[in-house]
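Just below is one structure, and these are the notes that go with it.
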Amino acid sequence: MKKRLVYVALMAAAWLLGIMASWTAFGRQIDSFAYDFVFRLHQPKPWPAQSMILALDQATLKSLGGVRGMRQALAMGLEKVAAAHPKAVAVDVILAEPADEAGDAALEAAFRKTPNLVLPCDLLPDEKGWDDPLPRFRKLAVAVGQVHAGLDSLDAISRELPLELAAGKDRRWALALEAFRASDGSQILESPDDLDVGGTIIPARLTSAGRLLRIRYRPLDSPISRISVKQLMDKPGLAAQFTGKVVFAGLTDQTAVRDRWMTPYSNGSIMPGVEIHASAFETIAEKMFLVSAPEWSVLLFAMALTAGAGLTFAYLSGWAANVAAASLVIAAHLVPYAAFTERIVFPYLPGTLAVWLAIVAAASWRHFVVRGQLGKSESERLRYQHAMHFVTHEMRTPLTAIQGSSELIGRYAMTDEKRKQMAALIVTESKRLGSMIETFLSVERLSAGEIQLKEESFTAAEVMQTCLSRALPLAERKQIAIDSAELPNERIRGDRELIEYAFFNILTNAVKYSPAGTRIELSGRRVKDRVSVSVRDQGIGMNQREMRRVFEKFYRTTRAQQSGEAGSGIGLSIVEQIVEQHGGSILVESEPGKGSCFTLLLPVER
Ligand code: ADP
């Protein structure tokens, strides 16, 4: 029972450790790594993009005077795009500071023609406010959206984007979300669990980190189309591609942009910020949402796996256990993948770690317990062997005497007196042999429950008195005094012979295991509906461990063996069985070198 509890506790610990480890930074990093892996493994089927990128690439900037000519370039591009009637245009170029007047004026003019214009804002460095577009631009836009990166704090990979972000009390929606709303012409309705934009429900729970949207990047081989301003200038016909699209305009020149982010696909390569915003937009527009599995399901899954591992090693063995354990491990690895294909992000680490820990713990537990049991049965076997040696040795003595005497009688003529002496010896020795065999057999029969108990009524005092008179000669020989002050007159019902055997056994043990000159005290009293009879000696005693074992068959303490008095180690095991079959119990108190006290508790006759 206790072992079972420890085992369950061990499994619970494996579970808890798995869960807690997954909460550490290291654990989160591994989970993100697994997320990226599955992300690459299970890329979505390409879908017709609803967005396009108007790129300010290296060639554009080069032909239009570098970064300083950027607003001019943007203005030229947007003029062409506006003429093609896009659905909306989101600009990912921060316009908080005035630049050269010619450029700004051109940009203002282009913005004026642009339908559903969304402009960007960024957090001020101290996060106290927003770096908003200049008023001359701001007033031409239908909305301003923030372009915060939302990079993973551990590995700077862009997996999630904050849909809303507050600087102080001033809260802004993400550029991608504003672009979606602008293209849709609807409102953003908020609830704690999601956002509703014109019927599109975005599952983004409000947490302490804001509302996060997992970006479902398009498959690697089918990115969002990009047309650069330079290309547009060179081939104005290309502008038709922007018709009906939501356009994201921004820098893609890898040398000029600081906002280039890594994505789960990256493998070191990077994506310009504008494309990441466009990807977030696509995620919303296509409703390709990746939602987190609820925390309770993660805990429950890990718990089921640990329980499975625990049961596996408790009830199965050999290859069956190995197969079951392997399937659990496979399940732990497969479930996050299967969940991902259903657009549910199921963390990888809690389950896998918990199941591994549980398997290791359960397997080693079994290893040690099984080995412990083997060791135990081995020592039992050894003890049995000892006992067998002992028994044969004990039997050999009377047998040799009987053999020798009968041979002498048969071979030599001898006086009558001598013959009688020999015959008497043979009789006593064979009686001894007989009783010895009887004892060994009765142990087996008693433990098998084959002995029929007689039903007699007698007092505890009678039994104690009888045993006392039989033990006195032994005690006297060892100069041990026996005190028997008051003996209880309560009646006991049962097999008198067996009860006598039991009491005599603990009494002779007291004599055997006490040195000369000590005292033994017999006492008895009634305790509720029981009578308690004790034998207290001042002998060699026992320690805790020995006390627990003295009722085992053939067990003898080393102390007793050294005293040279130890017998077969069977007596007490019979005593215990006799007492138990009478509905009683037996107690031992003892201290090495101080003495022992054996107490029999037997039910009083009603
Ligand atoms: P044995 O024939 O060896 O006495 P028992 O079953 O009667 O067999 O006792 C088992 C062991 O318990 C003894 O060998 C001895 O080590 C220990 N023992 C029993 N009674 C006492 C006692 N009164 N004092 C110390 N040790 C005892």
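Offset between the sequence shown (1-based) and my numbering: plus 6. A virtual CB, placed ideally from N, CA and C, is assigned to each residue, including glycine.
Heavy atom of ligand 1 within 8 Å of residue i beta-carbon
i, result
"Q567", "yes"
"V556", "yes"
"L593", "no"
"V6", "Residue coverage of the chain in this structure runs from 7 to 612, which leaves residue 6 outside it and unanswerable."
"T403", "no"
"K534", "no"
"R417", "no"
"K484", "no"
"G570", "no"
"E506", "no"
"Y321", "no"
"V581", "yes"
"L480", "no"
"D489", "no"
"F604", "yes"
"V20", "The sequence shown places Ala at residue 20, not Val. A20: no, Cβ never under 8 Å from ligand 1."
"N515", "yes"
"L578", "yes"
"T563", "yes"
"K600", "no"
"S370", "no"
"G575", "yes"
"E552", "yes"
"M548", "yes"
Where residue i falls, given that 16 or more other Cβ within 10 Å makes a residue buried
i, result
"Y223", "buried"
"S333", "exposed"
"E423", "exposed"
"F32", "exposed"
"D240", "exposed"
"P479", "exposed"
"V252", "buried"
"S234", "buried"
"K93", "buried"
"Q583", "buried"
"F374", "exposed"
"P168", "buried"
"Q485", "exposed"
Per DSSP, cross-strand counterpart(s) of residue i
i, result
"V253", "M58 and V95"
"T358", "Per DSSP, none; premise fails for T358."
"T465", "R497"
"Q152", "C127 and A180"
"P521", "Paired residue(s): none; P521 is not in a bridge."
"V341", "DSSP output for V341 lists no bridge partner at all."
"P168", "L218"
"S234", "A61"
"G601", "E597"
"I163", "M268"
"S591", "L607"
Contact belief for residue i with residue j at Cβ below 8 Å, rounded distance in angstroms
i, j, result
"D37", "S28", "6 Å"
"A299", "V351", "6 Å"
"G109", "R77", "4 Å"
"I25", "R232", "Going by Cβ atoms, the distance from I25 to R232 rounds to 44 Å, so no, they are not a contact pair."
"F510", "L606", "That belief does not hold up - the Cβ atoms of F510 and L606 are roughly 12 Å apart, past 8 Å."
"L157", "R34", "The Cβ separation is near 14 Å, so there is no contact."
"A245", "V87", "6 Å"
"G83", "A255", "7 Å"
"G530", "H588", "So it is not a contact: roughly 15 Å between Cβ atoms."
"I526", "A516", "5 Å"
"R178", "L171", "6 Å"
"L405", "L431", "In fact, because the Cβ distance is near 12 Å, the residues do not count as touching under 8 Å."
"L62", "A90", "So it is not a contact: roughly 18 Å between Cβ atoms."
Bounding residues of the beta strand (DSSP E) (the contiguous stretch that carries residue i)
i, result
"D202", "L201 to V203"
"D37", "Taken as a continuous stretch (DSSP letters only), D37 belongs to no beta strand (DSSP E), being part of the alpha helix (DSSP H) at A31 to L47."
"I488", "A487 to S490"
"E281", "Looking at the DSSP string, E281 is not in any beta strand (DSSP E); the run it does join, the alpha helix (DSSP H), is G279 to A291."
"L195", "I194 to E196"
"I208", "T206 to I208"
Span of the alpha helix (DSSP H) around residue i
i, result
"F319", "E301 to Y321"
"S569", "T564 to S569"
"G216", "Not the alpha helix (DSSP H): G216 falls in the beta strand (DSSP E), residues G216 to R220."
"P141", "P141 to R144"
"V537", "Per DSSP, V537 belongs to no alpha helix (DSSP H); it is in the beta strand (DSSP E), R536 to R542."
"I584", "G577 to Q587"
"K119", "E107 to K119"
"L80", "M76 to A89"
"E558", "Looking at the DSSP string, E558 is not in any alpha helix (DSSP H), and its letter there is neither H nor E."
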